[in-house]
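Protein chains in written order, with UniProt numbering: chain A, 1 to 650; chain B, 1 to 650.
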């Protein structure tokens, strides 16, 4: 204790003082001291000192929370239409109109096709594409998101509902409720735990699986099974049953779509906007329009072909067949299945249905959120994305969808890109998309009969083939090679296991990386000399000291300090946090050094971490904040040691 | 690209250069630059520069690994007896003899009692207490560990084997094999992920559960059930069936043990060793000896009592009954159960047995390791503890035990303390303990018949009551309050759920803390002025940029930089790592700033992190390492911007 009172101007030994410690020494020489600042997030861009007492902090927190929850700002945040509608201009209206109709032209063929991925009749795809759009206008926070069936959500729906439309509709309700609850509890941050590599691996695997299932449709081969390998082995087994006309039509459609895509990417005239003539601009606009609506054009042409063949005595390729005309009835989602509705041939109660869907009820909301947020981020120009609000908007949309027999929906990345490129200005664009879908349901369903199945398959294939993110591998290799492990891990896990298990294993694998990071800090060991000429050992850990790493650090410190019997300084500049386990280990460490009579100092320890360590009142725990203090400290300690030896000897 | 070549002396734009970058500027002004050093663990205490090429690193790593695996050093590490036996002195022999016999006196009553916790006849406890001791002499790396049945391992054995000795013995084999495999794969580090609070919570819960089960024995009340709440409710239900004599004997025994413990803690004479007379020393030694062997004394006295009562026509309290005389037979562990051996009344195959033990096969090894390492750490005086070697030693011990019908064993913390206090010098102490156990088995088994059950229960109670770590709560509160959450969480989870699920939930809860740590860095925002007088915004994140945190950081940076339209500097002094996701976000960030025409600089970025970011070749990515460079950089950027505007205007 004597040594402590000696040195009280160079370190603080009481826990309570530490929490409001100011940096010792010249405050205008900040470079050397930067690490010891309290890291407090300040709203006004200036540094503030944290209030001393914990109670005050808690009170302030509660007051702040209560205030924000009831504030007008919160209302605006939760119903984003209040922000933009009052400022809605005619320019906004024009942009939204064009974008909404363009997206609508891709949504209709898309919805028919994605219903096929989900394994339900085509109409259910359209049923899921309008009411959620209306609601998104009120609750959606991101202008570029066109809600509706997406390839990924449809595949997950198929894996959970196994092609029963009743289950798919119930799934909408359940997923919507989960999303809404997650939103209300503010769990939007969960999406942060899906890293880029995991997300790429997952998307690529999903694309490959969808591609596989559509190739099966194009070949017209009967192939059962849901995993990637099963389907391919079935396709090869039944390859001799290939239906020639379906195959020809499908491959032709794919070729046409890809050619249009390439051609529409060509720009005539000079590259600068300013230098293009009026003619150039018109041609470019027409090319872009053809490119964007290529799916709609293909469906109309192929539908015409189907119509001609059908009237000439039967089409040689499969058509999608009867689509019930008119809007869906507004009714409760099915909460039970009768014996002939169920695939097992037995009656299924609500709990049976829920049980059969398994983890899909939680995984679909998470993946839908992931996909939606990906769109928001892609076009946000760096503005923050409110994942929690998106959860709420998706949740409300899905719940409403389940009352009109819609599939679970999300924001589809490909349509998001079209929406953005068409110049969307606000979420209002969704209203035109919804109107188009309603028009289609009311007036055009009789004509959907003639659309060939393989043309829809071709649309899906030429979309998902670009979702296989092969080109992300190279930058990943150049930036951080180890990130390929979770990326490829997720990819192969998703191909070989059920999708939800695949992505969860990928995320789990990635978490292990974080835990390893926390457990094995890098440590630099240097032999340095003080200004006064004394040699000492400088040991610098590069991150926080928490339980998985402290024993490792202790072992290294002990090893090096035993090898070179010099005073040891632990440079804590980078130690931003510590826990109880770290405090016990530091206590042991100071004890060991004290027993050996070797000096141990802590340099530049953050006050909040200092408080943690001093909670256990370790022996001989000395912290200093300026390099020149070390000489003085060494001198005093040596003198004290000499005195101690003297006392013992007398 | 032009801006890059302009500034090439102040930052490095090629990824390959970065990995061997040296700090720019005056190397003798290190304080401001400390964060940008490459953190390389150097063995000789001096800084070395990492080899440039990754291939070379890999080659060197493989060479090093191959070398260590075959080296003499490794042999000494894996068979630690080779280290200490050649230097074994007569002082060592004396210390080990005293300690070994003292521990032996506590092992014998302990083994009989712990067999009760495991729900198997008393003899199996002794069978598990000698062969593992012999083997530990060769393979154990820690002098203070006395292997044998422990309270915690016995409780876990009970939960997995449900009182079948055959299953308990098979469990020894399986746990031993798992430990050996984990050891050979070097998985000892897993124990790092059990934090202090989780370990305390677990130990306390286990102690309470054991206490509960022993109170049941002392009251002589029949109570079935394995969780804490079940047993207590059963005890209260059947409280009127309390056997008076068992209760009286039990409570008396507990009182006697606690009194001896307190009395033996008293020291006569002056506190300093040097000032004590010979008489003082002898009295203190005797008191200590009585204290240490109090369990043995109690068992002998109570056994005598039982003998007297039994011969006088039947003891009024339960005795442990027949213990088969002699050493166990050396035979294979039971790999199947016949119908009358099985508790279910049906034959059980090997796979049935394994299935019924469930996760115990993995959890017991982990918990045993945790307990053993706790002893090593407690008495290591800061020397590194080799968890992997302990796994190997425990594994070999358990496998051998299963051939002599022993229970799964570990190092018991309470006996470890006795071992250390008795002056043990090497693992050789175990040989005397093993010899005592063998003597007991060969000569004293007939006398064990008369030991009252409630005296054994009293021994356990007065041991485990001190394992309830109530006193750890206060320092935890003073150091890091949030650590109480995993601590108490583990405690209650272990009381209410099966133990293995309880501790796994506690560890999982603790992991969430680490993940949260990684996801939400603290960020300081300051408005500073350059030496040249220009204002800028300094944003300092305090830890690495990896996937869960980067979007959060990006949002904050964007928010603050939009609010104050100043040049922004991100101080990367504390950013020790980054991944692919971070690189993509940084790329987006630089793009956003570039579009807005706002300046963005990275200060003091570690070369290895710089390499990661530059893998995606971000636009306008400028790093500098010296404060005074900022003015020059700002000047150049402004000039370039002006030029650009000029070009556009002409």
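Positions of the beta carbon are idealized from the N, C-alpha and C atoms, including for glycine.
Cβ separation of residue i and residue j, assumed to be a contact under 8 Å, to the nearest whole Å
i: residue 198 (chain B); j: residue 506 (chain B); result: 4 Å
i: residue 581 (chain A); j: residue 196 (chain B); result: 4 Å
i: residue 160 (chain A); j: residue 367 (chain A); result: Residue 160 (chain A) to residue 367 (chain A), Cβ: 11 Å. No contact.
i: residue 545 (chain A); j: residue 575 (chain A); result: 6 Å
i: residue 192 (chain B); j: residue 127 (chain A); result: Incorrect: roughly 54 Å between the Cβ atoms, too far for contact.
i: residue 470 (chain B); j: residue 211 (chain B); result: Actually they do not touch by this definition, with Cβ atoms about 13 Å apart.
i: residue 206 (chain B); j: residue 152 (chain B); result: 5 Å
i: residue 454 (chain A); j: residue 250 (chain A); result: 4 Å
Sub-9 Å separation of residue i and residue j beta-carbons
i: residue 215 (chain A); j: residue 463 (chain A); result: no
i: residue 109 (chain B); j: residue 299 (chain B); result: yes
i: residue 219 (chain B); j: residue 252 (chain B); result: no
i: residue 147 (chain A); j: residue 394 (chain A); result: yes
i: residue 519 (chain B); j: residue 567 (chain B); result: no
i: residue 303 (chain B); j: residue 452 (chain B); result: yes
i: residue 333 (chain A); j: residue 405 (chain A); result: yes
i: residue 99 (chain A); j: residue 437 (chain A); result: no
i: residue 79 (chain B); j: residue 401 (chain B); result: no
Residue i: contacting residues in chain B (beta-carbon distance under 9 Å)
i: residue 543 (chain A); result: 543, 544, 574, 576 and 577
i: residue 672 (chain A); result: No answer is possible for residue 672 (chain A): it lies beyond the span of chain A, which begins at 1 and ends at 650.
i: residue 303 (chain A); result: Chain B residues near residue 303 (chain A): none, gap ~41 Å exceeds 9 Å.
Proximal chain B residues relative to residue i, where beta-carbon distance stays under 8 Å
i: residue 530 (chain A); result: Per Cβ cutoff of 8 Å: no residues; residue 530 (chain A) is ~13 Å from chain B at best.
Interface partners of residue i on chain A, CB under 8 Å
i: residue 517 (chain B); result: 518, 544, 546 and 577
i: residue 612 (chain B); result: 479 and 480
i: residue 450 (chain B); result: Residues of chain A passing the Cβ test: none, with the nearest at roughly 45 Å.
i: residue 679 (chain B); result: The structure shown does not extend to residue 679 (chain B), since chain B spans only 1 to 650, so no value can be given for it.
Cross-strand partners of residue i (DSSP beta bridge)
i: residue 147 (chain B); result: B:411
i: residue 535 (chain A); result: A:529
i: residue 457 (chain B); result: Beta-bridge pairing links residue 457 (chain B) to no other residue.
i: residue 541 (chain A); result: A:523
i: residue 339 (chain A); result: In the DSSP output, where bridge partners are listed per residue, residue 339 (chain A) has none listed.
i: residue 578 (chain B); result: B:545
i: residue 319 (chain A); result: A:452
Host beta strand (DSSP E) of residue i (start-end)
i: residue 601 (chain B); result: 600-603
i: residue 622 (chain A); result: 622-624
Residue range of the unbroken alpha helix (DSSP H) whose run includes residue i
i: residue 352 (chain A); result: 350-357
i: residue 570 (chain B); result: Careful: residue 570 (chain B) lies outside any alpha helix (DSSP H), inside the beta strand (DSSP E) at 568-571.
i: residue 72 (chain A); result: 72-78
i: residue 401 (chain A); result: 387-402
i: residue 367 (chain B); result: 360-378
i: residue 179 (chain A); result: 165-184
i: residue 199 (chain B); result: 196-219
i: residue 83 (chain B); result: 81-84
i: residue 135 (chain A); result: 131-139
i: residue 450 (chain B); result: Element bounds for residue 450 (chain B): n/a, residue is neither H nor E.
i: residue 425 (chain B); result: Note, residue 425 (chain B): premise wrong, no alpha helix (DSSP H); not H, not E.
i: residue 118 (chain B); result: 90-118
i: residue 607 (chain A); result: 607-614
i: residue 234 (chain A); result: 228-237
Chain A residues whose Cβ lies nearer than 7 Å to that of residue i
i: residue 476 (chain B); result: 580
i: residue 384 (chain B); result: 555, 558 and 559
Partners in chain A for residue i, counting only beta-carbon separations shorter than 9 Å
i: residue 218 (chain B); result: Chain A residues near residue 218 (chain B): none, gap ~35 Å exceeds 9 Å.
Chain-ordered chain B contacts of residue i [CB-CB under 7 Å]
i: residue 584 (chain A); result: 196
Neighbour list for residue i in chain C, Cβ cutoff strictly below 8 Å
i: residue 485 (chain B); result: Going by chain labels, chain C is absent from the structure shown, which instead holds the protein chains A and B.
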